[in-house]
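Scroll down for the structure; my scribbles are underneath it.
Number of protein chains: 2
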Amino acid sequence: MVVMEEFKHFVIVKFKEGVVVEELTKGMEKLVSEIDLVKSFEWGQDIESLDVLRQGFTHAFLMTFNKKEDFAAFQSHPSHVEFSEKFSTAIEKIVLLDFPSNLVKPVKEAA
Amino acid sequence: MVVMEEFKHFVIVKFKEGVVVEELTKGMEKLVSEIDLVKSFEWGQDIESLDVLRQGFTHAFLMTFNKKEDFAAFQSHPSHVEFSEKFSTAIEKIVLLDFPSNLVKPVKEAA
């Protein structure tokens, strides 16, 4: 099996108090749906991890691109730039990691 | 299209100085390959993000399970417990997030 190397954009955040998180997640869903460069997008809110391990972070966002160049193009896309400005005002803390993915176990289609 | 809700275990770490990271990533690859509960596993080392956004974290590990119960069973699996003890001694800092995933754009098979 040949597995393409994908490029991942991984973000974890803690939102400021009072932020309406759903507005932001809806906005992000709209953004990635409109930009074909984004191959896949998943996000979630932590419901399980211990607080000491979560360290205040509550939400994870994971975008997958076919290649690094697609991620770079997404980063500079006007819609992304506009969204990022809004998003950043809602953030108390954030960590971003961008990396080529080593796929050890591939995602299989549901049977 | 029906998309199953998956359960995600996301870990980001900064390793201690002097740690042979490859030994640990190989060990983790072996671990997840041997445990069928893990549906998919990807990891990567940040090569792109700005230091201020990366905040010292260097590696991301992303595991996918079919359901929360599978993750719980993986957590308590003897091989995972043994590996975690070794892994934790190599860590300078770590954040874990565990959550049911909202899949907005599904991962497609490569054409």
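Residue numbers (the working numbering), protein chains in the order written: chain A, 1 to 111; chain B, 1001 to 1111.
Note that beta-carbon positions come from the ideal geometry of N, C-alpha and C, so glycine has one too.
- With a contact defined as Cβ atoms closer than 8 Å, histidine 9 of chain A and aspartate 98 of chain A qualify at about 5 Å.
- Spanning the alpha carbons of phenylalanine 1015 of chain B and lysine 30 of chain A requires a straight line of approximately 36 Å.
- If you compare the alpha carbons of A:Arg54, A:Ile35, A:Leu96 and A:Gly27 with that of alanine 73 of chain A, the shortest gap goes to A:Ile35.
- C-alpha of valine 1104 of chain B to C-alpha of glutamate 1017 of chain B: approximately 38 Å in a straight line.
- For proline 106 of chain A, the secondary structure class from DSSP, reduced to helix, strand or coil, is coil.
- Assignment of glutamine 55 of chain A by DSSP, reduced to helix, strand and coil, places it in the coil class.
- In the three-state scheme derived from DSSP, where H, G and I count as helix and E and B as strand, glycine 1018 of chain B is classed as coil.
- Residue pairing from DSSP places alanine 1060 of chain B in a beta bridge opposite B:Ile1012 and B:Gly1044.
- Counting only the Cα atoms, tryptophan 43 of chain A lies some 16 Å from lysine 1067 of chain B.
- Residues of chain B whose Cβ lies closer than 8 Å to the Cβ of serine 88 of chain A do not exist, since the nearest Cβ in that chain is about 11 Å away.
- Under the 7 Å criterion on CB atoms, phenylalanine 83 of chain A is classed as non-interfacial with respect to chain B.
- Valine 32 of chain A reaches chain B at Val1104 and Lys1105, counting residues in chain order whose Cβ is nearer than 8 Å.
- In this structure, serine 33 of chain A sits away from threonine 64 of chain A, with a CB-CB distance that is not shorter than 7 Å.
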